[in-house]
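Participant: Each protein sequence line maps, in turn, to chains A and B.
Under the working numbering, the first residue of the first sequence is numbered 2, with each subsequent residue one higher.
Under the working numbering, the first residue of the second sequence is numbered 2, with each subsequent residue one higher.
Note that CB positions come from ideal geometry on N, CA and C, so glycine has one too.
2 protein chains.
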Amino acid sequence: MALEHAILVSLLEKPGSGYELARRFERSIGYFWTATHQQIYRVLKRMENDGWVDVRDIPQQGRPDKKEYSVADLGRAALSSWLHDPIEPESVRHDLAVKIRGAAFDDPTALIREVERHRQAHRDRLAHYLAGEARDFTATEANTAGPQAPLDAERELQHVVLRGGIAYERMMIDWLDDVLATLARFGPCR
Amino acid sequence: MALEHAILVSLLEKPGSGYELARRFERSIGYFWTATHQQIYRVLKRMENDGWVDVRDIPQQGRPDKKEYSVADLGRAALSSWLHDPIEPESVRHDLAVKIRGAAFDDPTALIREVERHRQAHRDRLAHYLAGEARDFTATEANTAGPQAPLDAERELQHVVLRGGIAYERMMIDWLDDVLATLARFGPCR
DNA sequence: GCTTGCTATGCAACGAGTTGCATAGCAGGA
DNA sequence: TCCTGCTATGCAACTCGTTGCATAGCAAGC
Chain A
2 MALEHAILVS LLEKPGSGYE LARRFERSIG YFWTATHQQI YRVLKRMEND
52 GWVDVRDIPQ QGRPDKKEYS VADLGRAALS SWLHDPIEPE SVRHDLAVKI
102 RGAAFDDPTA LIREVERHRQ AHRDRLAHYL AGEARDFTAT EANTAGPQAP
152 LDAERELQHV VLRGGIAYER MMIDWLDDVL ATLARFGPCR
Chain B
2 MALEHAILVS LLEKPGSGYE LARRFERSIG YFWTATHQQI YRVLKRMEND
52 GWVDVRDIPQ QGRPDKKEYS VADLGRAALS SWLHDPIEPE SVRHDLAVKI
102 RGAAFDDPTA LIREVERHRQ AHRDRLAHYL AGEARDFTAT EANTAGPQAP
152 LDAERELQHV VLRGGIAYER MMIDWLDDVL ATLARFGPCR
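1. Using a Cβ-Cβ cutoff of less than 8 Å, which residues in the same chain neighbour residue 178/B once the five nearest sequence positions on both sides are dropped?
2. Rounding to the nearest angstrom, what Cα-Cα distance links residue 99/B and residue 183/B in this structure?
3. Counting only Cβ pairs nearer than 7 Å, list the residues of chain B close to residue 231/A.
4. Quick one: is residue 27/B buried, meaning 16 or more other Cβ sit within 10 Å of its Cβ, or exposed?
5. Kindly indicate the opening and closing residues of the alpha helix (DSSP H) around residue 81/B.
6. So is residue 84/A in contact with chain B if we call contact Cβ pairs under 7 Å?
7. DSSP three-state label for residue 53/B, please.
8. Could you tell me the alpha carbon to alpha carbon distance between residue 1/B and residue 54/B, rounded to whole angstroms?
9. Which residues bound the alpha helix (DSSP H) around residue 134/B?
10. Rounded to whole angstroms, what is the Cα-Cα separation between residue 62/A and residue 18/A?
11. So, is residue 41/B buried or exposed, given that buried needs 16 or more other C-beta atoms within 10 angstroms?
12. Among residues of its own chain, excluding the 5 on either side of residue 187/A, which ones have a beta-carbon nearer than 8 Å to its beta-carbon?
13. For residue 102/B, report the span of its alpha helix (DSSP H) as first-last.
14. Count the other C-beta atoms from every protein chain shown that fall within 10 angstroms of the C-beta of residue 52/A, then say buried if there are 16 or more, exposed otherwise.
15. For residue 11/B, report the span of its alpha helix (DSSP H) as first-last.
16. Interface residues of chain A around residue 95/B at Cβ under 7 Å?
17. Grab the span of the alpha helix (DSSP H) containing residue 20/A for me, first residue to last.
18. Residues of chain B with a CB under 7 Å from the CB of residue 159/A: which are they?
19. Could you round the C-beta distance between residue 158/B and residue 102/A to whole angstroms and report it? I think they count as a contact, below 8 Å.
20. Is there a Cβ of chain B sitting closer than 7 Å to that of residue 99/A, yes or no?
21. Between the alpha carbons of residue 168/A and residue 93/A, how many angstroms are there, rounded?
22. Report yes or no: is there a C-beta of chain B within less than 7 Å of the C-beta of residue 10/A?
23. Establish whether the CB of residue 81/A and some CB of chain B are separated by less than 7 Å.
24. Verify the CB distance criterion: does residue 44/B have a CB-CB separation below 7 Å to chain A?
25. With a cut-off of 7 Å, does the C-beta of residue 116/A fall near any C-beta of chain B?
26. Counting along the chain, where does the alpha helix (DSSP H) carrying residue 164/B start and finish?
27. Quick check: what's the CA-CA separation for residue 199/B versus residue 176/A?
28. Is the distance from the Cβ of residue 9/A to the Cβ of residue 80/A below 7 Å?
29. Which residues in the same chain as residue 25/A place their Cβ atom closer than 6 Å to its Cβ, once the five residues preceding and following it in sequence are excluded?
30. Helix, strand or coil: which one does DSSP assign to residue 59/A?
31. Would you please verify whether the beta carbon of residue 17/A is less than 7 Å from any beta carbon of chain B?
32. For residue 30/A, count the other beta carbons within 10 Å of its own beta carbon; 16 or more makes it buried, fewer makes it exposed. Which is it?
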């Protein structure tokens, strides 16, 4: 599993509390790795016990105290070791694909609204990604001439991952159009 | 969760034993829903207790007996109810994306081989899909003129799901090319 | 003769992920 | 004034998914 590694990456990009991590997992990191606050708190505690992260209590006014976590040397080493681990299959879970095949044994037209809803969700996410890309990755994109300084690696890699998200959403929208066209073809017969 | 629903769909397409289901989950259904034989046996037992499936003991010569499962009325109803359930978010888990962002805090060039390996895996799967499409969905594809008979719904829906898999693999291959180009850009600096 | 590999089913244990609930103070709106 | 919602952390119970192991007979190759 890689939740701890996702947390390490996120904390290396910027230290923060469990709560802040949970919010990041709803946004940037969460686009390709979901986690609830429960999982995060539990894993953070384990990582603290293992010496992967350091904690600092930060009192706040008008709000509960928070614990700011940052990556310790052991955590960095653990991440590095995981990064060099070659293994990694790919497991996919597409409820919608199951539903589409299942629609053959039910009324297929009942699925149209569902598919349209999903398509809209993907359109929304695409718009969100594109806005983020325009915001974060266009201003300094002019200096791409010549080899990059190592300092830009973090940004470049974040950008290429975001491009992956954009490509994924575009593919999904196109495919769902295809699905709708297919459903419409034999829908009226029933 | 939807493993039971994936099993129902698979059994409706063709009744079979737990072992056969496990093999299907390595092929057609498994392209968008993975499951090991352990999960399948466990869930099948529960579904049997709930009256979702019927079992028939089939003695075989030279091989252990098998239990052939088929969908019962209750199972059909459960599937139908699930199909009409509108909810369904989307959770994604992309280890590779985490690794790519994590590479900013390690040697990025170490990731190149890993990414190349993944790209090859996606190429292989794409080739496999395309072969399956050519085999199963070209011969009778000529009769697409006019409205389809309901009998063709199953095939049509299987085909559109397969097209989704093909689109996904193509997108991944393109994206991994992009990732490799990005890694190569600042790789030599280190 | 031995090992490997396939069909076929299953248990036990663990780890990961989900859901419901609890606490607790503050801010803002109906 | 009450209700909703946000920050912030956490427990307990449950389900889901993974891994290792076990049985057992047959077939094929070395």
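Facilitator: Looking at the atomic coordinates:
1. 120
2. 16 Å
3. Residue 231/A is absent from the structure shown; chain A starts at 2 and stops at 191.
4. exposed
5. 74 to 85
6. yes
7. coil
8. Here chain B has residues from 2 to 191 only, and residue 1/B is not among them.
9. 113 to 137
10. 16 Å
11. buried
12. 109
13. 96 to 103
14. exposed
15. 4 to 14
16. 33, 34
17. 19 to 25
18. 102
19. 5 Å
20. yes
21. 17 Å
22. yes
23. yes
24. no
25. no
26. 154 to 187
27. Any property of residue 199/B remains undetermined from this structure, which presents chain B solely from 2 to 191.
28. yes
29. 11
30. strand
31. no
32. buried
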